[in-house]
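**Q** Provided herewith is a single structure, encoded as structure tokens, for subsequent inquiry.
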Amino acid sequence: MPQTDIKSQFDVIVVGAGAAGLYTALCMPAELQVGLITKETVSLSASDWAQGGIAAAVAPEDSPFLHIEDTIQAGVGLCDRPAVEFLAKLAPSCIQSLVNLGVAFDRHGSQLALTLEAAHSRNRVLHAADTTGREVTTTLANQVLRRQNIQVIQQALALSLWLEPETGRCQGISLFYQGHVKWIKANAVVLATGGGGQVFAQSTNPAVSTGDGVAIAWRAGAILRDLEFVQFHPTALTKPGRFLISEAVRGEGAHLVDDEGRRFAFDYHPAGELAPRDVVSRAIFSHLQGTSTDPATAHVWLDMRPIPAEKIRHRFPNIIKVCQHSGVDVFSQPIPVAPAAHYWMGGIVTDLMNRTNIPGLYAVGETTSTGVHGANRLASNSLLECIVFGAQMADLQIPPDVSRVSNLSELLAIREYRADVTEWKPQQEHLEVLRDKIPRLLWQSAGICREQSGLESAIATLESWQQDYISLPVSQFLLSLRPTESARLEIPDVERQLRLWAETGNLLDIGVLILKSAAFRTESRGGHYRLDYPQLDPDWQVHTLIQQNNWWKSPVLRE
Numbered sequence: 002m003p004q005t006d007i008k009s010q011f012d013v014i015v016v017g018a019g020a021a022g023l024y025t026a027l028c029m030p031a032e033l034q035v036g037l038i039t040k041e042t043v044s045l046s047a048s049d050w051a052q053g054g055i056a057a058a059v060a061p062e063d064s065p066f067l068h069i070e071d072t073i074q075a076g077v078g079l080c081d082r083p084a085v086e087f088l089a090k091l092a093p094s095c096i097q098s099l100v101n102l103g104v105a106f107d108r109h110g111s112q113l114a115l116t117l118e119a120a121h122s123r124n125r126v127l128h129a130a131d132t133t134g135r136e137v138t139t140t141l142a143n144q145v146l147r148r149q150n151i152q153v154i155q156q157a158l159a160l161s162l163w164l165e166p167e168t169g170r171c172q173g174i175s176l177f178y179q180g181h182v183k184w185i186k187a188n189a190v191v192l193a194t195g196g197g198g199q200v201f202a203q204s205t206n207p208a209v210s211t212g213d214g215v216a217i218a219w220r221a222g223a224i225l226r227d228l229e230f231v232q233f234h235p236t237a238l239t240k241p242g243r244f245l246i247s248e249a250v251r252g253e254g255a256h257l258v259d260d261e262g263r264r265f266a267f268d269y270h271p272a273g274e275l276a277p278r279d280v281v282s283r284a285i286f287s288h289l290q291g292t293s294t295d296p297a298t299a300h301v302w303l304d305m306r307p308i309p310a311e312k313i314r315h316r317f318p319n320i321i322k323v324c325q326h327s328g329v330d331v332f333s334q335p336i337p338v339a340p341a342a343h344y345w346m347g348g349i350v351t352d353l354m355n356r357t358n359i360p361g362l363y364a365v366g367e368t369t370s371t372g373v374h375g376a377n378r379l380a381s382n383s384l385l386e387c388i389v390f391g392a393q394m395a396d397l398q399i400p401p402d403v404s405r406v407s408n409l410s411e412l413l414a415i416r417e418y419r420a421d422v423t424e425w426k427p428q429q430e431h432l433e434v435l436r437d438k439i440p441r442l443l444w445q446s447a448g449i450c451r452e453q454s455g456l457e458s459a460i461a462t463l464e465s466w467q468q469d470y471i472s473l474p475v476s477q478f479l480l481s482l483r484p485t486e487s488a489r490l491e492i493p494d495v496e497r498q499l500r501l502w503a504e505t506g507n508l509l510d511i512g513v514l515i516l517k518s519a520a521f522r523t524e525s526r527g528g529h530y531r532l533d534y535p536q537l538d539p540d541w542q543v544h545t546l547i548q549q550n551n552w553w554k555s556p557v558l559r560e
């Protein structure tokens, strides 16, 4: 890869190039110089994988009020009503903004086509066949690449936040790029790094979803919230990659059946396969309990044949193609499916203007806890959250920067880390073993159903792995870097190896945070289900709050 010079200073740095990061960058005032950082390319993100669509009350028979009520009901008492109202009321205008940018949503004639998804009381989900996320992110990426004030820095890895020592203000980040660790200065940093689904062995998220933003923010002292709430999507194809079979498939009439062809979901909820996602996931999990099948391959069936064939071809061409590639013909046989980690309701606490408790640090999208999702996200509110909250960055006020430095790179000492193949191999092997073991431990101990002894055992194991990780020579070197020091690393396959190092550290951190949060909340609610505390507890109608190594409860929420 050719060397590409990047500036040492921007007005704003946006970390992440999914829907949240792209739209945030587009909405920034045009006079601001924006650095958009992504560890892959601008087209690889969880947003790109979103199939179902984006929810908005745009139909005559719908209203933001109904959207608000559906969202709050799905959130099981933990939604912040002002945030939900903000989301739903701004949704129609944000949809219009996407249309104006060129997003080609499906239509019936001149009207936007709307479908139904679980726990919605109206057809309000806009879509572009079954690749809505790809349509949105591709359109946004094309717009970003045209903007003169946005520099896209691809295959770059954000490592840590740079805080001003006296004030605690965020003034930039450290970045691993083309073999070097650099410190990049900015008046504002926006984390839009998505979720952390890769901390679980079974996940619909892409490989980039390693919880980077949450881990980076936590290490800098940001307040986090509700990390125990993970949404497990009920219908992931049980083939390598755990491809998500959109909820829209069930909305259009597909049936969830067991080996005998019985629609068992009605045993668990009157709405059957259209019950909220957490209910359907637990229904499948419970139905599979007691079978002798290997848990890694255990599955039920999603039968699309009740949907007219022509509608399947029109609405779900990508699902047809992926299933066909896996040897499943959706027109003649059901699809083997099982739950997989899909969406993280918790994250960095932000207000309606995306501000965190750290001055100068903002966050947008799945990496946040805005209060709109509560304990269980309503289907198709995730892309909407990225757009509605990303739009608020148009009002970003950058304070005058009294410490602006034009040639920052000249002030930085350069340290070097060298390891040949023989020296590096033991470290690489250790990192690869950790990277493999962390998701399996989390899936086993903090998956769809949890209990205290399993959580405590997993916490002890992960904390010992953290100590092993910190003791690695490369960790000792990188974790000791100060903001006045840049670094050059000479190790075999340096780009891939440093990404392995950074992502493994982030997964260790968010794994411990999820486990401790799950142990802290002694009830079951939404995406958090405790076998030893199976009931919802009114005394737990509170947020779980975390800063550094302190956990506490918010005041009781009122709906």
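Counting in the numbering used here, the sequence shown tops out at residue 560, every number present. By construction, the Cβ of each residue, glycine as well, lies at the ideal position given by its N, Cα and C atoms.
1) Decide if Gln549 is buried, meaning its Cβ has at least 16 other Cβ atoms within 10 Å, or exposed.
2) Would you list the residues sitting across from Ile415 in a DSSP beta bridge?
3) In this structure, does DSSP put Pro440 in helix, strand or coil?
4) By Cβ distance below 7 angstroms, which residues in the same chain neighbour Leu432 in space, the five residues on each side in sequence not counted?
5) Please report the straight-line C-alpha distance between Thr236 and Ala31, rounded to a whole angstrom.
6) For the beta strand (DSSP E) containing Ser175, name the first residue and the last one.
7) With a threshold of 6 angstroms on Cβ separation, who are the neighbours of Pro493 within its own chain once the five nearest residues in sequence on each side are excluded?
8) With DSSP collapsed to three states, give me the class of Ser404.
9) Would Ile349 and Ala339 be called neighbours here (beta carbons separated by less than 8 angstroms)?
10) Between Gly347 and Leu228, how many whole angstroms is the CB-CB distance? I'm expecting something under 8 angstroms.
11) With 16 as the cutoff for other CB atoms within 10 Å, does Ala249 come out buried or exposed?
12) Arg243 to Pro484, Cα distance in whole Å?
13) Using a Cβ-Cβ cut-off of 7 angstroms (strictly less than) and excluding sequence neighbours within five positions of Arg522, which residues of its own chain qualify?
14) What is the DSSP secondary structure of His544, counted as helix, strand or coil?
15) With DSSP as the reference, identify every bridge partner of Tyr363, one or two as the case may be.
16) Expressed to the nearest angstrom, what Euclidean distance is found between the alpha-carbon atoms of Asp533 and Val513?
17) Count the other CB atoms, across all protein chains shown, that sit within 10 Å of the CB of Lys517; report buried if there are 16 or more and exposed otherwise.
18) Beta-carbon separation of Leu435 and Ala447 under 8 angstroms?
19) At what residues does the alpha helix (DSSP H) containing Tyr24 begin and finish?
20) Evaluate Gln498 with the Cβ neighbour count: other Cβ atoms within 10 Å of its Cβ, from every protein chain shown; 16 or more gives buried, anything less gives exposed.
21) Between the C-alpha atoms of His109 and Pro556, what's the straight-line distance to the nearest angstrom?
22) Counting Cβ pairs, one atom from each stretch, are 3 or more of them under 8 angstroms apart for the stretch 351-361 and the stretch 317-336?
23) Given a cut-off of 8 angstroms, decide if Gly173 and Gly19 are closer than it, judged by their beta-carbon atoms.
24) Gly391 lies in the alpha helix (DSSP H); which residues open and close that run?
25) Spatial neighbours of Ile460 within its chain, please: C-beta separation below 8 angstroms, excluding the five flanking residues on both sides.
26) Between the alpha carbons of Thr369 and Ile73, how many angstroms are there, rounded?
27) So, for Ala276: in the same chain, excluding its five sequence neighbours on each side, which residues have a beta-carbon less than 6 angstroms away from its beta-carbon?
28) Quick one: measure Cβ to Cβ for Arg125 and Asp81, integer angstroms, because I've assumed they're closer than 8 angstroms.
29) Count the other C-beta atoms from every protein chain shown that fall within 10 angstroms of the C-beta of Asn382, then say buried if there are 16 or more, exposed otherwise.
30) For His234, list the residues DSSP reports as bridge partners.
31) Can you find the residues in the same chain that come closer than 7 angstroms, C-beta to C-beta, to Glu136, ignoring five residues on each side of it along the sequence?
32) Per the DSSP calculation, Asp304 is bridged to which residue(s)?
33) Name the one or two DSSP bridge partners that Lys183 has.
34) Let me check one thing: in DSSP terms, what residues is Trp1 bridge-paired to?
35) Are the stretch 87-99 and the stretch 150-157 in contact at 8 angstroms, needing three or more beta carbon pairs?
36) Which residue wins for smallest C-alpha separation from Gln112, given the options Gln97, Asn206 and His121?
**A** In terms of the structure at hand:
1) Looking up residue 549 in the sequence shown gives position 548. Only exposed fits Gln549, as fewer than 16 other CB atoms lie within 10 angstroms of its CB.
2) In the sequence shown, the residue the question calls residue 415 occupies position 414. Looking at the DSSP output, Ile415 shares a beta bridge with Ser487.
3) Counted from its first residue, the sequence shown places residue 440 at position 439. Look at Pro440 here: in three-state DSSP terms it is helix.
4) In the sequence shown, counting from the first residue as 1, residue 432 sits at position 431. Within the same chain, and ignoring the five residues on either side of Leu432 in sequence, the residues whose Cβ sits closer than 7 angstroms to its Cβ are Leu501, Trp502 and Thr505.
5) Working through the sequence shown from its first residue, we reach residue 236 at position 235. Working through the sequence shown from its first residue, we reach residue 31 at position 30. Here the C-alpha atom of Thr236 lies approximately 42 angstroms from the C-alpha atom of Ala31.
6) Residue mapping note: residue 175 aligns to position 174 of the sequence shown, counting from 1. It spans Cys171 to Tyr178 - the beta strand (DSSP E) in which Ser175 sits, taken as one unbroken run.
7) Reading the sequence shown from its first residue, position 492 is the one you call residue 493. Its chain contains Val422 and Trp425 as the residues whose beta carbon lies nearer than 6 angstroms to that of Pro493, once the 5 sequence neighbours on both sides are disregarded; these appear in chain order.
8) Taking the sequence shown and counting its residues from 1, the one referred to as residue 404 is at position 403. Only weak support exists for where Ser404 lies, its pLDDT of 46 falling under 50; the coordinates are left without a value.
9) One-based indexing of the sequence shown puts residue 349 at position 348. One-based indexing of the sequence shown puts residue 339 at position 338. The Cβ atoms of Ile349 and Ala339 lie no closer than 8 angstroms to each other.
10) As a working mapping, residue 347 is identified with position 346 in the sequence shown. As a working mapping, residue 228 is identified with position 227 in the sequence shown. The pair is a contact, with the Cβ atoms about 4 angstroms apart (cut-off 8 angstroms).
11) Counted from its first residue, the sequence shown places residue 249 at position 248. Ala249 should be labelled buried.
12) In the sequence shown, residue 243 corresponds to position 242, counting from 1. In the sequence shown, residue 484 corresponds to position 483, counting from 1. Within the model, the alpha-carbon separation for Arg243 versus Pro484 is close to 40 angstroms.
13) Position 521 of the sequence shown, counted from the start, is the residue given in the question as residue 522. Only Glu229, His529, Trp541 and Thr545 meet the Cβ criterion.
14) Counting from one through the sequence shown, the residue named residue 544 turns up at place 543. Coil, per DSSP.
15) Taking the sequence shown and counting its residues from 1, the one referred to as residue 363 is at position 362. Paired residues: Val191 and Arg356.
16) Here residue 533 refers to the residue found at position 532 when the sequence shown is read from its first residue. Here residue 513 refers to the residue found at position 512 when the sequence shown is read from its first residue. Between Asp533 and Val513, the C-alpha separation is close to 20 angstroms.
17) Indexing the sequence shown from 1 puts residue 517 at position 516. With 16 or more other Cβ atoms within 10 Å, it is buried.
18) By 1-based counting over the sequence shown, the position of residue 435 is 434. By 1-based counting over the sequence shown, the position of residue 447 is 446. Contact flag unset, no.
19) Counted from its first residue, the sequence shown places residue 24 at position 23. Annotation: the continuous alpha helix (DSSP H) that includes Tyr24 extends over Ala20 to Cys28.
20) Here residue 498 is taken as the residue at index 497 of the sequence shown, counted from 1. When all chains shown are included, Gln498 counts as buried.
21) Mapped onto the sequence shown, residue 109 falls at position 108. Mapped onto the sequence shown, residue 556 falls at position 555. The straight-line gap from Cα to Cα measures roughly 47 angstroms.
22) Proximity of the stretch 351-361 to the stretch 317-336 falls short of the contact definition, fewer than three beta-carbon pairs being nearer than 8 angstroms.
23) Start at 1 with the first residue of the sequence shown, and residue 19 comes out as number 18. Start at 1 with the first residue of the sequence shown, and residue 173 comes out as number 172. Cβ atoms of Gly19 and Gly173: not closer than 8 angstroms.
24) As a position in the sequence shown, residue 391 is number 390, starting the count at 1. Gly391 -> alpha helix (DSSP H) spans Ser383 to Ala392.
25) Locating residue 460 in the sequence shown gives position 459, counting from the first residue. The beta carbon of Ile460 sits closer than 8 angstroms to those of Val513, Leu516, Lys517 and Ala520, all from its chain and outside the five residues before and after it, given in chain order.
26) Your numbering for residue 369 matches position 368 in the sequence shown. Your numbering for residue 73 matches position 72 in the sequence shown. Their Cα atoms are separated by approximately 18 angstroms.
27) As a working mapping, residue 276 is identified with position 275 in the sequence shown. Result list for Ala276: His270, in chain order.
28) Locating residue 125 in the sequence shown gives position 124, counting from the first residue. Locating residue 81 in the sequence shown gives position 80, counting from the first residue. About 21 angstroms; that fails the 8 angstroms criterion.
29) Sequence index remark: in the sequence shown, residue 382 carries index 381 (1-based). Buried is the call here.
30) Position 233 of the sequence shown holds residue 234. As a beta-bridge residue in DSSP terms, His234 pairs with Ala341.
31) To locate residue 136, count along the sequence shown from 1; it is residue 135. If the five residues before and after Glu136 are omitted, its C-beta is found closer than 7 angstroms to the C-beta atoms of Val104, Ala105 and Ala129, all from its own chain and listed in chain order.
32) Translated into positions along the sequence shown, residue 304 becomes position 303. The partner list for Asp304 (beta bridge, DSSP) reads His256.
33) Locating residue 183 in the sequence shown gives position 182, where the first residue counts as 1. According to DSSP, which records beta bridges pairwise, Lys183 is partnered with Leu176.
34) Lying outside 2 to 560, the shown extent of the chain, residue 1 is not represented and no answer is given.
35) Touching, no.
36) Within the sequence shown, numbered from 1, the residue matching residue 112 stands at position 111. Proximity to Gln112 across Gln97, Asn206 and His121 peaks at Gln97, based on C-alpha coordinates.
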